[in-house]
Amino acid sequence: MFYDIVQVIPNEDYTVYVYFEDGKIVCYDAKTLLKKKVFEPLKDISFFMNACTILNGGRYVL
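In terms of our numbering, the sequence shown is numbered consecutively and its last residue is 89.
And the structure:
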């Protein structure tokens, strides 16, 4: 299923607020992802804060 995402805002506690086009706002906890090798670079908080940003919307699979 595809979701229209308007904006994503990362936080320093590795949570991410996702704003959907329908007005829904969800806070996701990304800490569990950091245990997987593929997400290791995100352990660097500066990288996480810069990498987890979507502006001007998009259509994504969650």
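Glycine is no exception: its CB is placed at the ideal position from the N, C-alpha and C atoms.
For isoleucine 72, the uninterrupted alpha helix (DSSP H) run begins and ends at 72-78, by DSSP. Asparagine 38 and tyrosine 55 have their C-alpha atoms roughly 10 Å apart. Of all alpha-carbon atoms in Phe75, Thr80, Ile32 and Lys58, the one lying nearest the alpha-carbon of tyrosine 46 is that of Ile32.
Apart from sequence neighbours up to five positions away, the residues of its chain that approach isoleucine 72 with a beta-carbon distance below 7 Å are Glu39, ordered along the chain. Annotation for tyrosine 41: Ala57 and Lys58 place their beta carbon closer than 6 Å to its own, counting only its chain and skipping 5 residues before and after.
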